[in-house]
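Chains as they are written, first to last, in my numbering: chain A, 1 to 327; chain B, 1 to 327; chain C, 1 to 327; chain D, 1 to 327. Each residue gets a CB set at the ideal place from its N, CA and C atoms; glycine is no exception.
Number of protein chains: 4
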Amino acid sequence: MTRLWDKGAPLDERVLHYTAGEDYALDERLVRHDVRASIAHAEMLHAQGLLTQGDFTAIRAGLSALAVADALDELALRERDTPLPGYTHLQQAMPSSVALWGGGFAAEIRDDAEGLRQVQRRVGKSPLGSAAGYGTPGLPLDRGATSARLGFDVTQEPVTAVQLSRGKAEAQLLFEIALLVQDLGRFAADVLLFYTQEFGFLELPDAFTTGSSIMPQKRNPDVFELIRGRSATALGCLTEALGIFAKLPSGYQRDLQLLKFPLFRSIDLALQTLDILPPAIDAMKFRPERIKLDPAIHAAEEANRLVVQEGIPFREAYRRVGAKLKG
Amino acid sequence: MTRLWDKGAPLDERVLHYTAGEDYALDERLVRHDVRASIAHAEMLHAQGLLTQGDFTAIRAGLSALAVADALDELALRERDTPLPGYTHLQQAMPSSVALWGGGFAAEIRDDAEGLRQVQRRVGKSPLGSAAGYGTPGLPLDRGATSARLGFDVTQEPVTAVQLSRGKAEAQLLFEIALLVQDLGRFAADVLLFYTQEFGFLELPDAFTTGSSIMPQKRNPDVFELIRGRSATALGCLTEALGIFAKLPSGYQRDLQLLKFPLFRSIDLALQTLDILPPAIDAMKFRPERIKLDPAIHAAEEANRLVVQEGIPFREAYRRVGAKLKG
Amino acid sequence: MTRLWDKGAPLDERVLHYTAGEDYALDERLVRHDVRASIAHAEMLHAQGLLTQGDFTAIRAGLSALAVADALDELALRERDTPLPGYTHLQQAMPSSVALWGGGFAAEIRDDAEGLRQVQRRVGKSPLGSAAGYGTPGLPLDRGATSARLGFDVTQEPVTAVQLSRGKAEAQLLFEIALLVQDLGRFAADVLLFYTQEFGFLELPDAFTTGSSIMPQKRNPDVFELIRGRSATALGCLTEALGIFAKLPSGYQRDLQLLKFPLFRSIDLALQTLDILPPAIDAMKFRPERIKLDPAIHAAEEANRLVVQEGIPFREAYRRVGAKLKG
Amino acid sequence: MTRLWDKGAPLDERVLHYTAGEDYALDERLVRHDVRASIAHAEMLHAQGLLTQGDFTAIRAGLSALAVADALDELALRERDTPLPGYTHLQQAMPSSVALWGGGFAAEIRDDAEGLRQVQRRVGKSPLGSAAGYGTPGLPLDRGATSARLGFDVTQEPVTAVQLSRGKAEAQLLFEIALLVQDLGRFAADVLLFYTQEFGFLELPDAFTTGSSIMPQKRNPDVFELIRGRSATALGCLTEALGIFAKLPSGYQRDLQLLKFPLFRSIDLALQTLDILPPAIDAMKFRPERIKLDPAIHAAEEANRLVVQEGIPFREAYRRVGAKLKG
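Here is the structure:
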């Protein structure tokens with residue numbers, strides 16, 4: 001393909017290779033958005049806005065799929081009678097339940113879904129018609145019409161804001177993915193703890209564990225370990241994206257092209273993780289016979305009761321219950 | 001002060017020192033919020049929500065102060081007749097102006113202010129009444145009434161979500177501060193470029209530069225260098241905060257206490273930077289006699305005109321203008 | 001104090017405050033190094049090299065203090081008869097022992113000490129005599145003599161490398177601290193796991209735990225939680241430092257002054273953590289009666305034995321032991 | 001291929017896909033090292049050590065290739081008569097030269113090469129024979145012989161240190177790559193500055209620039225922009241790697257498998273950048289007629305001369321030269 005700016009001068013092949021880099025593969029993902037936008041506004045396509053618009057829809061769809069599945073709610077329902085210790089400092093603290101445990105994570109995942117929806121504010125600004133970042137002097141364009149036709153919320157003004165904003169919507173998406181993946185990672189950390197022989201709170205079917213090539217007796221919960229580890233990847237992608245546009249003088253600069261890689265990588269890992277999670281949750285089976293609550297776990301409840309029944313201050317009730325426990 | 005849980009056992013002084021750590025200084029900032037909350041709901045104060053609520057108001061106030069100052073708008077007005085080259089790849093690309101340049105940054109700073117407002121969604125959830133994260137069995141509390149009295153938007157449910165969400169509102173605030181500080185840092189990078197002898201686009205009064213202890217002729221734009229450098233601090237604080245709650249099993253853990261430090265540090269640097277910026281912008285004076293636009297900078301405009309006037313495709317207009325420029 | 005470059009022009013107070021920022025407190029730490037260097041080479045002191053030189057000695061001393069304490073070796077000796085399961089994927093895998101467990105961490109901490117020693121290569125380059133980064137034309141200075149007198153390993157050449165290298169020694173120190181703190185954090189994560197009621201592998205005296213203000217029965221291992229959390233702080237400081245000098249054009253720039261904050265903060269937290277660790281390790285007491293090894297934990301050993309005794313391939317031995325365990 | 005631990009139980013395809021993930025492509029790179037190691041020690045290959053060993057050689061070779069090219073030294077030689085202003089705070093400060101400018105970067109790149117060599121200390125520890133991290137009870141293995149045959153420096157002891165050290169050698173390599181890429185990025189930042197029309201210090205041939213699809217007159221220095229942007233990628237990879245093993249309880253965990261991705265990605269980008277740099281440097285041509293030194297740039301030199309010739313203190317010489325420049 002001839003490049004429009006090609007004036008016949010020999011372009012060093014290494015330059016072409018280095019500057020194209022990972023772009024070919026990444027750009028394939030943009031083609032369908034490109035085609036759609038080209039129909040409305042061929043000359044001044046700005047990949048960035050569209051890119052996020054497109055993938056943004058995908059990740060939101062992925063997320064809502066999880067909310068439709070509602071695997072955690074089903075778990076809470078399925079195990080509605082299973083008690084669980086509530087921990088603080090990893091020590092048994094107060095009585096809790098599988099329903100409360102799963103419900104907490106369900107609430108946070110819904111909070112993340114809401115956070116992802118908020119990214120729309122930055123994604124919905126149309127850069128189209130800003131050309132290289134300084135408008136199209138001499139061309140009678142109607143930027144508003146193009147924005148409306150392509151479903152953007154607003155037209156970004158002034159044109160110089162378009163390039164200055166590059167990376168911000170992407171970074172917000174990566175930030176919200178990082179929160180989501182960290183929430184899932186903490187869920188996985190709990191599962192890994194509950195699955196130890198010492199806790200023994202739950203079991204996983206063979207289909208959801210892998211074996212060891214050295215130790216014939218082992219069943220390993222790899223899926224949950226990888227979910228936990230992914231929070232580091234999400235953080236790495238966010239750090240990379242923020243670092244790319246930090247300190248850049250204004251106006252388009254080629255560095256901004258590098259945003260695509262961490263963006264796509266993080267979206268992919270989030271979608272893959274959301275995909276594996278519902279069947280993984282379905283596969284979990286709690287073992288109520290192994291879940292033993294420390295007899296002292298009701299101490300706070302008992303102190304509360306003393307406060308209500310005897311009308312004494314909490315401080316006094318606390319000391320009384322504490323003394324009784326000591327012996 | 002006696003600690004409620006103190007049963008007389010000797011507490012290693014080093015333990016007290018290590019666990020208290022930076023908390024004393026940090027907690028002082030929370031006292032006024034603490035007092036206010038204590039009146040409504042003494043026993044179960046959770047510093048975190050209030051903390052962010054309080055500081056959140058401060059940084060939003062700081063930001064709006066900037067929007068009230070509107071220093072960039074004034075700059076655009078003051079220099080409304082000053083042209084400026086528009087750059088891409090740091091090369092002169094299209095005609096632009098000081099008004100368009102400042103306007104782009106003003107738009108992005110307003111976008112950041114909007115981003116900070118969105119944090120309210122996570123800050124506005126009341127944790128009060130969740131106690132250690134598992135509610136207050138035995139105590140007849142009305143969590144909704146407390147939330148309403150203290151001005152929260154909603155009561156966080158279920159109680160197990162409260163500790164799981166620790167760090168998320170803080171991290172979102174730190175993320176939006178990072179975007180804001182990066183925008184300001186890019187503005188500073190432009191100013192530093194324009195202030196070089198080679199560009200010479202603007203001058204700064206002695207009051208806004210510092211001197212050199214070796215070179216008597218120097219006037220250094222330290223303020224803008226420090227603004228640029230602060231983007232690294234904001235990124236460090238965000239990374240630290242996300243790292244603190246990554247992978248933690250659910251339930252309160254003492255690590256979460258460490259969130260206060262990066263939170264306060266980032267808020268402080270953002271407020272200080274917002275404070276120095278308006279006078280710094282007021283001090284800038286452009287030198288139109290030094291701003292020289294490359295004669296070829298109108299090439300794209302000329303090509304556009306050929307398209308409109310002669311009805312030829314842009315590709316053909318581009319080649320024609322390119323050939324004319326070559327000689 | 002009058003600044004040398006002060007020519008009487010009014011300096012905006014806000015500028016002075018913003019540019020001085022956190023410097024006063026940080027610079028106090030540099031004074032004694034400053035004095036020492038001033039005697040040898042007064043006019044052209046460059047804080048950076050000396051700073052790291054000084055603090056570097058402190059942290060190395062702190063570290064060797066730990067190696068002199070050798071708390072982990074003592075633990076291994078004290079608990080030399082205590083078995084421990086060896087885990088992979090957090091599942092019991094092979095037989096291990098407290099001695100092997102502590103020995104692994106001791107080896108890694110010594111590896112970190114060695115890593116910190118390697119930083120000397122970058123710290124030992126003398127910047128003195130490079131002045132503002134371009135030497136002292138017209139002054140007959142003997143840079144080598146100054147370097148030798150102050151104990152540097154080499155004189156940094158050419159003079160332009162001095163400012164280019166700013167931040168690299170600091171970042172390497174912060175990187176090695178991050179590895180050290182992460183190792184200590186993983187040790188703490190193990191202790192927190194072993195201290196759960198479900199594992200119950202060890203106990204901690206009251207002097208090394210804190211109580212709860214709600215639950216009278218609780219003893220919380222805060223020290224180990226804070227050690228675990230500190231790995232995030234160390235990562236934040238490293239990210240901040242690297243971000244400060246990323247993308248800067250060459251030559252001294254004021255942004256570099258910001259390196260001091262993450263440097264001192266990370267050194268302080270590492271020294272504090274190293275200080276609390278030996279008594280914390282001394283306080284740990286294993287409970288052999290609670291440490292139960294899964295009977296299947298010897299499966300790999302049994303398969304190995306079949307390989308040696310019967311001369312069958314490991315694959316065959318693995319299948320045979322696996323079948324026996326199944327039923 | 002049948003997995004050794006496959007006992008016929010159905011493995012959920014999604015589990016296989018999620019846990020294999022990016023591994024297939026990444027593992028291809030390890031095959032040749034795997035084969036070599038298998039000959040010496042088939043059953044207990046641990047990819048990690050070897051991996052780093054192998055790629056480590058590649059990147060060191062890449063680096064030395066640059067030192068053999070010595071493109072910067074040639075530049076310094078080629079442009080040995082070209083003066084250049086020396087900047088501090090991006091302001092002309094003292095007289096310098098292309099030779100001094102290039103020499104500074106050459107010194108730092110050699111410093112990075114030395115830093116990469118230091119990684120050998122951690123890479124050279126043989127994990128072989130540690131099996132799952134707890135040795136091979138029942139098998140009479142000679143770990144030392146295997147280490148020696150494969151060229152490791154030492155055998156890692158005790159066996160429990162092997163899994164604890166996972167990620168540390170990788171992270172040190174990623175850290176040193178980050179320093180290298182940041183140095184190259186700062187070199188690129190200088191080139192981009194010198195290539196602006198306003199500086200106009202150097203020109204690049206058409207073969208090393210790309211054109212614009214909108215503006216026929218533009219020649220864009222994309223290669224140098226991408227080099228500058230790569231520092232963010234290197235930082236992202238380092239952050240990701242450190243995050244992966246942070247807080248993990250001891251013993252092998254599947255999360256560690258995720259280290260391969262940031263490791264390979266960062267090595268690849270460093271090698272590609274080192275590959276494009278020598279021809280890019282060869283292509284640079286300085287334009288001495290455009291390089292104008294500020295007449296006041298000799299002020300420090302003049303003050304120095306007064307000190308030597310008239311025996312007055314520097315403070316007095318500074319004031320005298322300053323006064324002369326003012327009027």
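- Alanine 189 of chain A has its alpha-carbon roughly 15 Å from the corresponding atom of glycine 86 of chain A.
- Under the Cβ criterion of 8 Å, methionine 215 of chain A is counted among the residues facing chain D.
- By the neighbour-count definition (other C-beta atoms within 10 Å, threshold 16), alanine 76 of chain C is a buried residue.
- Contact note: tyrosine 18 of chain C reaches chain B through Val223, Leu226, Gln272, Ile276, using a C-beta cutoff of 7 Å and chain order.
- The residues Phe224, in chain order, have a CB closer than 6 Å to that of valine 191 of chain D in the same chain once the five nearest residues on each side in sequence are set aside.
- Rounded to the nearest angstrom, the Cβ distance from alanine 99 of chain A to glutamate 74 of chain A is 11 Å, too far for a contact under 8 Å.
- Methionine 284 of chain B has a beta carbon lying at 8 Å or more from every beta carbon in chain A.
- As the crow flies, the alpha-carbon of glutamate 157 of chain C is around 15 Å from that of leucine 72 of chain D.
- Assignment of glutamate 198 of chain D by DSSP, reduced to helix, strand and coil, places it in the coil class.
- Arginine 287 of chain D has a beta carbon lying at 8 Å or more from every beta carbon in chain A.
- One finds Glu108, Asp111, Asp112, Gly115, Leu179, Gln182, Asp183 in chain C with Cβ atoms closer than 9 Å to the Cβ of lysine 168 of chain D, taken in chain order.
- Looking from the CA of alanine 270 of chain C, the closest CA among C:Leu242, C:Val181, C:Asp112 belongs to C:Val181.
- The residue among D:Asp183, D:Ala241, D:Leu139 with its C-alpha nearest the C-alpha of alanine 113 of chain D is D:Asp183.
- Neighbours of leucine 235 of chain D in chain A, taken as residues whose beta carbon is under 8 Å from its own, are Thr239, Glu240, Gly243 in chain order.
- In the structure shown, the three-state DSSP call for tyrosine 252 of chain C is coil.
- Contacts between glutamate 310 of chain D and chain B, judged by CB atoms closer than 7 Å, are missing: the closest CB pair is about 16 Å apart.
- In the DSSP assignment, asparagine 304 of chain D is bridged to no other residue.
- A contact between stretches requires three or more CB pairs, one per stretch, nearer than 8 Å, and the stretch 160-173 of chain A meets this requirement with the stretch 114-129 of chain A.
- Of all C-beta pairs linking the stretch 244-262 of chain C to the stretch 217-235 of chain D, three or more are shorter than 8 Å, placing the two stretches in contact.
- Looking at C:Ala132, C:Arg110, C:Ala169, the one whose alpha-carbon comes closest to that of leucine 164 of chain D is C:Arg110.
- Closer than 8 Å to the CB of glycine 200 of chain B there is not a single CB belonging to chain A.
- The Cβ neighbour count for leucine 84 of chain C, taken over all protein chains shown within 10 Å, is at least 16; the residue is labelled buried.
- Secondary structure of glycine 124 of chain D (DSSP, three-state): coil.
- A distance of 8 Å or more separates the beta carbons of alanine 207 of chain C and alanine 317 of chain C.
- Taking the Cα positions, arginine 320 of chain D is about 48 Å away from histidine 298 of chain B.
- Burial is judged here by how many other beta carbons sit within 10 angstroms of a residue's own beta carbon; lysine 218 of chain D has at least 16 and is buried.
- Look at tyrosine 318 of chain A: its C-beta is under 8 Å from a C-beta on chain C.
- In the DSSP assignment, the residues bridged to serine 96 of chain B are B:Leu84.
- Under the Cβ distance rule, threonine 82 of chain C does not count among the residues neighbouring chain D, no pair being separated by less than 8 Å.
- Around the beta carbon of alanine 323 of chain A, fewer than 16 other beta carbons sit within 10 angstroms, so the residue counts as exposed.
- About 6 Å separates the beta carbons of glycine 251 of chain B and glycine 133 of chain B, which is inside the 8 Å limit, making them a contact pair.
- Valine 162 of chain C sits buried, since 16 or more C-beta atoms from the chains shown fall within 10 Å of its C-beta.
- For the set C:Leu179, C:Gly200, C:Ala303, C:Pro221, the Cα lying nearest the Cα of threonine 209 of chain C is the one of C:Pro221.
- With fewer than 16 other CB atoms across the displayed protein chains lying within 10 angstroms of its CB, aspartate 142 of chain D is exposed.
- It is roughly 22 Å from the alpha-carbon of leucine 116 of chain D to the alpha-carbon of leucine 263 of chain C.
- Taking C-alpha positions only, valine 68 of chain C is separated from alanine 106 of chain C by approximately 12 Å.
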